[in-house]
Structure formats: C-alpha cells, structure tokens
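There are 2 protein chains.
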Amino acid sequence: MDAAFLQSLLGYNARRASLAIIEQFHVDMASFDLRPVDFSVLSLIRHNPGTTSRQLCQALNILPPNMVVFLKNFEKRQLVDRAPHPTDGRAMGLTLTQSGEALMQAAEKTAMDSGLKATSALTESERQTLARLLQKIYL
Amino acid sequence: MDAAFLQSLLGYNARRASLAIIEQFHVDMASFDLRPVDFSVLSLIRHNPGTTSRQLCQALNILPPNMVVFLKNFEKRQLVDRAPHPTDGRAMGLTLTQSGEALMQAAEKTAMDSGLKATSALTESERQTLARLLQKIYL
DNA sequence: TATTGTTATACTCTATAACTATA
DNA sequence: TATAGTTATAGAGTATAACAATA
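So the sequence lines, in the order shown, correspond to chains X and Y.
Counting from 1, position 132 in the first sequence corresponds to residue 131 in numbering that gives the first Met the number 0; the numbering is continuous, with no gaps.
Counting from 1, position 85 in the second sequence corresponds to residue 84 in numbering that gives the first Met the number 0; the numbering is continuous, with no gaps.
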C-alpha cells in the first residue's frame with residue numbers, strides 16, 4: 000500500500016504518532032484508571048494548585064461543560080478538593096487531595112516511562128528536537 | 000499556567016500539534032466536504048487503485064464496520080466506484096470515479112497548502128525533520 | 001477454519017443551548 | 001454587560017457482536 004502522499008503531510012504524521020503514543024499510554028496507565036485527558040487535568044492542578052476550571056479549559060482546549068464532568072468525577076474519587084476562590088466568588092480553587100497527590104506522583108512517573116517506551120526508536124536528542132518542533136506548531 | 004511537565008511529554012505535544020493542524024484543515028477543506036478521515040481514505044484509493052476495504056482499514060487503523068459507512072457515503076456522492084475483485088470473490092476493488100479524481104486532485108493540493116499554513120512557524124528543513132521523527136514513532 | 005464485507009448497536013468523546021450566580 | 005460554573009442534550013467518533021458469502 001502506497002501511503003507516500005499522506006506521509007508527506009505533517010497533520011497525518013502527527014495524528015498517527017499521537018495515537019501510537021496514546022495506545023501505549025492506555026496500556027501502561029490502566030492501573031491508575033486515568034485517561035489522557037484526566038491525566039492532563041490532574042497534572043495541571045498538581046503543578047498549579049488553586050487554579051480554576053476555566054483556566055484548565057483554556058490551557059487544555061476543553062469546553063467548560065465537559066470539564067464539569069471530569070472534575071465531578073475527580074471529586075467523587077477524592078482526588079481533587081474544591082474550595083471557594085479567595086478573590087472571585089464565582090470560581091472555585093482546585094487542589095489535589097493527599098491521595099490525589101500520591102496518585103499523580105506515581106502516575107506522572109509512569110506516564111514519562113510510557114512515553115519513552117512509545118518513542119524508543121528515538122534518541123533523547125531526537126525527542127527534544129521533536130518536542131520543540133511540535134510546540135512551535137501549537138503554542 | 001505552568002504546563003511545563005505536560006510539555007515534556009511527547010504524547011501531549013503530538014496530540015496538541017495534530018489538533019492544531021486538523022483545525023486548519025477543517026477551515027481550508029470546508030468547500031470539499033471532506034473530514035480528515037475521508038480525505039485519507041480517498042487519497043489512499045487514488046494512489047492505490049483497486050485496493051480493498053480491508054487494506055484501507057489496515058493502513059489507516061480503521062475498523063471495518065466504520066469503513067463500510069465511509070465507502071457507502073463515497074459511493075452515494077459518486078466519488079468511488081466498486082468493482083468485483085479480480086481474484087478474491089469476497090472483496091471489492093475500489094477506484095475513484097472521474098469526479099472523485101478531479102475532487103481529490105484539488106483536495107490534495109489544498110491539504111498540502113493547509114498543512115504548510117498550519118506549520119508556518121517551521122522551516123522546510125524542520126518540517127522534513129519533524130515528519131521523519133514522527134514516522135519513526137508510528138511506522 | 002479463516003477472512004471480507006456487512007448490519008445493528010453500544011460506547012465514548014466533543015459541541016451547543018440555556019440557565020444561575022457573581023463580577 | 002460579561003464571566004464562572006452548571007445542566008441537559010445533541011452530534012460526532014470509535015468499538016463490539018453477530019452474520020452471510022467466499023477463501
């Protein structure tokens with residue numbers, strides 16, 4: 000099967016590569032019960048304690064009604080605490096609970112290892128080049 | 000918002016970049032009424048005339064029941080012809096119709112231009128490096 | 001017995017409209 | 001008037017089970 004033309008398109012390559020990495024992610028992260036989007040949200044909360052739902056939505060390009068569902072789930076799993084925002088009465092400040100922190104400490108390590116496994120065909124130098132070029136596209 | 004950790008993960012970067020390119024794709028390809036997956040299937044048929052549904056499924060990692068819907072749509076739009084396969088009585092050989100060929104000739108040109116626009120922050124040399132590294136991940 | 005194509009359907013993900021409470 | 005959060009729901013995308021026809 001000749002896929003030379005599709006392989007000349009960066010969009011095609013980026014999508015196929017991201018799906019391959021995510022497939023590995025699902026395998027390696029199964030024990031955490033975290034989808035990629037769950038992981039991204041919790042990681043941002045971890046590294047930005049007190050952040051709001053809106054800020055997460057903007058950072059991850061997620062629509063607010065969908066974020067509500069994710070956060071509700073995290074609260075039910077006692078991974079995230081919601082406290083009144085100090086300056087904005089409409090918003091809620093988000094932080095990881097103690098068990099959320101413990102989970103994410105392990106999950107971030109596993110996610111890093113999973114990413115290395117999925118990109119084992121690359122050298123560390125190539126990984127850094129790749130990350131830099133991809134960020135030039137979407138940032 | 001500190002997203003440094005997520006940005007260290009290739010899976011996150013690849014997904015964000017692919018979404019950015021696909022967003023541009025939707026804008027530029029609107030007049031063709033082709034989603035990325037439609038475009039990929041039709042392009043493979045164009046460059047591999049006589050190919051079968053199963054071969055397309057394997058090449059694009061699409062499940063057969065979903066491919067049936069795509070091909071049925073293409074047939075209704077008179078973009079694809081299906082003829083009995085010369086050697087396998089179970090399969091159908093797929094080719095573009097004359098109007099399908101005309102559409103895809105224009106669509107492939109537009110898709111290339113769209114990809115260049117979405118990656119205008121990169122040099123041509125960087126684009127080639129990026130494509131090569133991404134293919135090392137998923138091929 | 002395995003594979004191609006197919007139907008029907010379930011499940012997940014993403015998007016839209018409309019509402020409330022506060023800025 | 002605009003924004004944060006929420007509810008309900010619609011739409012798009014992806015996956016599973018089961019079947020007929022052919023290899």
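A virtual CB, placed ideally from N, CA and C, is assigned to each residue, including glycine.
Just so we're clear, the structure is a prediction, and the values are computed from it rather than from any experiment.
Assuming residue i and residue j are in contact, meaning their beta carbons sit under 8 angstroms apart, how far apart are those beta carbons, in whole angstroms?
{"i": "residue 43 (chain Y)", "j": "residue 50 (chain Y)", "result": "7 angstroms"}
{"i": "residue 56 (chain Y)", "j": "residue 63 (chain Y)", "result": "5 angstroms"}
{"i": "residue 102 (chain Y)", "j": "residue 31 (chain Y)", "result": "7 angstroms"}
Would residue i and residue j qualify as a contact pair, given that the criterion is a beta-carbon distance under 8 angstroms?
{"i": "residue 14 (chain Y)", "j": "residue 9 (chain X)", "result": "no"}
{"i": "residue 79 (chain Y)", "j": "residue 96 (chain Y)", "result": "yes"}
{"i": "residue 58 (chain X)", "j": "residue 0 (chain Y)", "result": "yes"}
{"i": "residue 3 (chain X)", "j": "residue 136 (chain Y)", "result": "no"}
{"i": "residue 129 (chain X)", "j": "residue 121 (chain X)", "result": "yes"}
{"i": "residue 12 (chain X)", "j": "residue 133 (chain Y)", "result": "yes"}
{"i": "residue 27 (chain X)", "j": "residue 119 (chain X)", "result": "no"}
{"i": "residue 100 (chain Y)", "j": "residue 34 (chain Y)", "result": "no"}
{"i": "residue 90 (chain X)", "j": "residue 131 (chain X)", "result": "no"}
Indicate the three-state DSSP secondary structure (helix, strand or coil) for residue i in the structure shown.
{"i": "residue 10 (chain X)", "result": "helix"}
{"i": "residue 50 (chain Y)", "result": "strand"}
{"i": "residue 99 (chain Y)", "result": "helix"}
{"i": "residue 130 (chain X)", "result": "helix"}
{"i": "residue 82 (chain Y)", "result": "strand"}
{"i": "residue 114 (chain Y)", "result": "helix"}
{"i": "residue 109 (chain Y)", "result": "helix"}
{"i": "residue 0 (chain X)", "result": "coil"}
{"i": "residue 18 (chain X)", "result": "helix"}
{"i": "residue 33 (chain X)", "result": "coil"}
{"i": "residue 91 (chain Y)", "result": "strand"}
Would the C-beta of residue i count as close to the ligand MN, meaning under 7 angstroms from any of its heavy atoms?
{"i": "residue 104 (chain X)", "result": "The ligand MN is not among the ligands present in this structure, which contains no ligands whatsoever."}
What residues from chain X crowd round residue i, counting only those whose CB sits closer than 8 angstroms?
{"i": "residue 96 (chain Y)", "result": "Neighbours of residue 96 (chain Y) on chain X: none; closest Cβ ~19 angstroms, over 8 angstroms."}
{"i": "residue 186 (chain Y)", "result": "Absent from the structure is residue 186 (chain Y), since the part of chain Y shown begins at 0 and ends at 138."}
{"i": "residue 104 (chain Y)", "result": "Neighbours of residue 104 (chain Y) on chain X: none; closest Cβ ~12 angstroms, over 8 angstroms."}
Using the beta-carbon of each residue, which ones in chain Y are nearer than 9 angstroms to residue i?
{"i": "residue 21 (chain X)", "result": "10, 13, 14"}
{"i": "residue 65 (chain X)", "result": "None at all; the shortest Cβ gap to chain Y is about 15 angstroms."}
List, in order along the chain, the chain Y residues whose C-beta lies closer than 7 angstroms to that of residue i?
{"i": "residue 134 (chain X)", "result": "6, 12"}
Using a cut-off of 9 angstroms between C-beta atoms, extract the partners of residue i located in chain X.
{"i": "residue 124 (chain Y)", "result": "Neighbours of residue 124 (chain Y) on chain X: none; closest Cβ ~11 angstroms, over 9 angstroms."}
At a cut of 8 angstroms, does the stretch 64-77 of chain Y reach the stretch 21-40 of chain Y through at least three beta carbon pairs? With the cut-off at 8 angstroms, the stretch 64-77 of chain Y and the stretch 21-40 of chain Y touch.
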